[in-house]
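Engineer:
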């Protein structure tokens, strides 16, 4: 990939992260689609409906930082250290944990939106991008 292509890719990915940050800073809350009884008597369980920027921004963060397949062994320590000192590898764990958490538990991500944790890690990522500490997607090994 040429330098121009890498720069273009970085710009697109950082724009997606920024869109997520702007949405969360606006006070966004996920929409709860409530359970309902269908005509045949079955009950359709409720779910959270997320704005497209949510998943797009999380996936962009993972594109930029890489996915941490070993996040379960490390996420508690990362969260205990806190967002202000989170490194790029810490953020990789955090974004992976958020996306996987919602996959296995409806409402997990909505809770992390409501409590501000997703906004905080997204802002930390933007800060690391601005400082040059995160400047390109990881190279596949």
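Residue numbers (the numbering used here): 32 to 172.
Ideal Cβ placement from N, Cα and C applies to all residues, glycine included.
I'd like the ranges of any beta strand (DSSP E) spanning at least 3 consecutive residues and lying wholly in the stretch 46-127.
Structural biologist: 62-64, 78-80
Engineer: If you draw a straight line from the alpha carbon of residue 91 to that of residue 108, how long is it in whole angstroms?
Structural biologist: Translated into positions along the chain shown, residue 91 becomes position 60. Translated into positions along the chain shown, residue 108 becomes position 77. Residue 91 and residue 108: Cα-Cα distance of roughly 24 Å.
Engineer: For residue 111, count the other beta carbons within 10 Å of its own beta carbon; 16 or more makes it buried, fewer makes it exposed. Which is it?
Structural biologist: Locating residue 111 in the chain shown gives position 80, counting from the first residue. So residue 111 ends up on the exposed side.
Engineer: Only counting the same chain, and skipping five residues up and downstream in sequence, which positions put a Cβ closer than 6 Å to that of residue 121?
Structural biologist: By one-based count along the chain shown, residue 121 stands at place 90. The beta carbon of residue 121 sits closer than 6 Å to those of 109, all from its chain and outside the five residues before and after it, given in chain order.
Engineer: Considering Cα atoms alone, identify which of 83, 38, 142 is closest to residue 50.
Structural biologist: Residue numbering aside, residue 50 sits at position 19 when the chain shown is read from its first letter. Considering only alpha carbons, the answer is 83.
Engineer: How big is the Cα-Cα spacing for residue 103 and residue 148?
Structural biologist: Numbered from its first residue, the chain shown carries residue 103 at position 72. Numbered from its first residue, the chain shown carries residue 148 at position 117. Cα-Cα distance, rounded: 17 Å.
Engineer: Find the nearest neighbour of residue 76 within the set 138, 163, 162, judged by alpha-carbon distance.
Structural biologist: The residue you call residue 76 lines up with position 45 of the chain shown. Of the candidates 138, 163, 162, the one whose C-alpha sits nearest the C-alpha of residue 76 is 138.
Engineer: Should residue 160 and residue 61 be called a contact, given that it needs their Cβ atoms to be closer than 8 Å?
Structural biologist: Start at 1 with the first residue of the chain shown, and residue 160 comes out as number 129. Start at 1 with the first residue of the chain shown, and residue 61 comes out as number 30. Going by C-beta atoms, residue 160 is not nearer than 8 Å to residue 61.
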